[in-house]
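Participant:
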Amino acid sequence: MCLSWYPASFFAMLQGSSCITRGNAHNNSNSNRCQDEPLMTTLPTPPPQTPVVDLVIRLGLAALLAWLAMRVFAPFAALMIWAVVLAIALYPITRWIATRLGISGGWSATLLVLAILALLGTPTVMLGMSFIDDMLRAYGAVMDGTFHLPPPGDNVAEWPLVGPQIHATWQSASANLAEFIGEHQQQLRDTARRAASALLGGVGTLLSLLASFIIAGVMMAYAQPGESTTQRIFRRICGEQVGDDLHTLSVATVRSVAMGVVGVSFIQALLLGVGFLLAGIPIPGILAVAALLLGIVQVPAA
Numbered sequence: 041m042c043l044s045w046y047p048a049s050f051f052a053m054l055q056g057s058s059c060i061t062r063g064n065a066h067n068n069s070n071s072n073r074c075q076d077e078p079l080m081t082t083l084p085t086p087p088p089q090t091p092v093v094d095l096v097i098r099l100g101l102a103a104l105l106a107w108l109a110m111r112v113f114a115p116f117a118a119l120m121i122w123a124v125v126l127a128i129a130l131y132p133i134t135r136w137i138a139t140r141l142g143i144s145g146g147w148s149a150t151l152l153v154l155a156i157l158a159l160l161g162t163p164t165v166m167l168g169m170s171f172i173d174d175m176l177r178a179y180g181a182v183m184d185g186t187f188h189l190p191p192p193g194d195n196v197a198e199w200p201l202v203g204p205q206i207h208a209t210w211q212s213a214s215a216n217l218a219e220f221i222g223e224h225q226q227q228l229r230d231t232a233r234r235a236a237s238a239l240l241g242g243v244g245t246l247l248s249l250l251a252s253f254i255i256a257g258v259m260m261a262y263a264q265p266g267e268s269t270t271q272r273i274f275r276r277i278c279g280e281q282v283g284d285d286l287h288t289l290s291v292a293t294v295r296s297v298a299m300g301v302v303g304v305s306f307i308q309a310l311l312l313g314v315g316f317l318l319a320g321i322p323i324p325g326i327l328a329v330a331a332l333l334l335g336i337v338q339v340p341a342a
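41 is the number of the first residue of the sequence shown in the numbering used here; add one for each residue after it.
Listed below in structure tokens is the structure:
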């Protein structure tokens, strides 16, 4: 049976095969021939659609995980930022050591970090132990009544603004220290509390810096995979050409700023070391290294 007069939509509803009539327009033949042909191919099944509720739940869980990750990471944010800056600044030195000694990047990063820890950690520990020993001896002398505070010089009263007040307070304390402590016990307690808080903050900052060097060493050991990942992120966000340029500019900016801070701190420490040496101050080298460390950390003056 030939179905040439049926509309095309009818064939789309049929499953199976049938015959169609094809005329030959060139030889004006009236003969018809039927041929079995498939009239319909199987339509692809559309993928199942995710319900809106499931989509909202997934997005909510992703947002919750991101929030929890940020809460966990927040206490270590400053430490990790310091580590990234130090790794970017010190990585050329790591490559130079690896090239000179013919070792891998991991070993060169390890040697560099150990040298830095020895250079900065040893003076810090020595100064800390000396400070604690001096404080304990001073406290023992005050408690025994053997501590003597020398009287102030006359030039102290000539200091601008605060000179007369400092001179009077100092003179009162040197005349009778026990009575002075009894009269100003609350003020001395508050001052000691603030000094201890500032001291603990400085110690925590120094320990954070040393920990940042250790983390930076791990980052430098895996610098190649990290650089490739960062470059792919920049390319994904900004495009290939702009991403590469922005990645290069970011590395150069961080490295220049970090080396500028280290360079200025080194010059300051060198000048202070020379001044300590000329003034006859004990352990000038250790004090100069401590000044270098404080300059790198950028400890505020107040």
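Where a beta carbon is used, it is the ideal one built from N, C-alpha and C, also for glycine.
Quick one, are the C-beta atoms of residue 164 and residue 330 less than 8 Å apart?
Facilitator: Yes, the pair counts as a contact, with Cβ atoms nearer than the cut-off.
Participant: I'd like to know if the segment 279–287 and the segment 145–163 are in contact, where contact means that at least 3 CB-CB pairs between them fall below 8 Å.
Facilitator: Taking 8 Å as the limit for Cβ pairs, the verdict is that the segment 145–163 does not touch the segment 279–287.
Participant: Between the C-alpha atoms of residue 326 and residue 167, what's the straight-line distance to the nearest angstrom?
Facilitator: Roughly 8 Å between the two C-alpha positions.
Participant: Looking at the structure shown, is residue 199 part of a helix, part of a strand, or coil, going by DSSP?
Facilitator: If DSSP states are grouped into helix, strand and coil, residue 199 belongs with coil.
Participant: Three-state secondary structure (DSSP) at residue 188?
Facilitator: In this structure, residue 188 counts as coil in the three-state DSSP scheme.
Participant: Given a cut-off of 8 Å, decide if residue 305 and residue 254 are closer than it, judged by their beta-carbon atoms.
Facilitator: For residue 254 and residue 305, no; Cβs fall outside 8 Å.
Participant: I'd like to check one pair, residue 124 with residue 259: are the Cβ atoms closer than 8 Å?
Facilitator: Yes.
Participant: Please tell me whether residue 130 and residue 256 are closer than 8 Å, where the distance is taken between their beta carbons.
Facilitator: Result yes, Cβ atoms of residue 130 and residue 256 sit closer than 8 Å.
Participant: Just reading off the alpha helix (DSSP H) that residue 268 is part of, what are its end residues?
Facilitator: Looking at the DSSP string, the run of the alpha helix (DSSP H) that includes residue 268 is 263–278.
Participant: Rounding to the nearest angstrom, what Cα-Cα distance links residue 262 and residue 145 in this structure?
Facilitator: Computed Cα separation, rounded: 8 Å.
Participant: By a C-beta neighbour count over all protein chains shown, 10 Å radius and 16 as the cutoff for buried, is residue 171 buried or exposed?
Facilitator: Flag for residue 171 reads exposed.
Participant: Counting only beta-carbon separations shorter than 8 Å, does residue 207 have a partner in chain B?
Facilitator: The structure shown has no chain B; it contains just one protein chain.
Participant: How do the segment 214–225 and the segment 179–190 stand: do at least 3 beta-carbon pairs fall below 8 Å, yes or no?
Facilitator: At 8 Å Cβ cutoff, the stretches touch.
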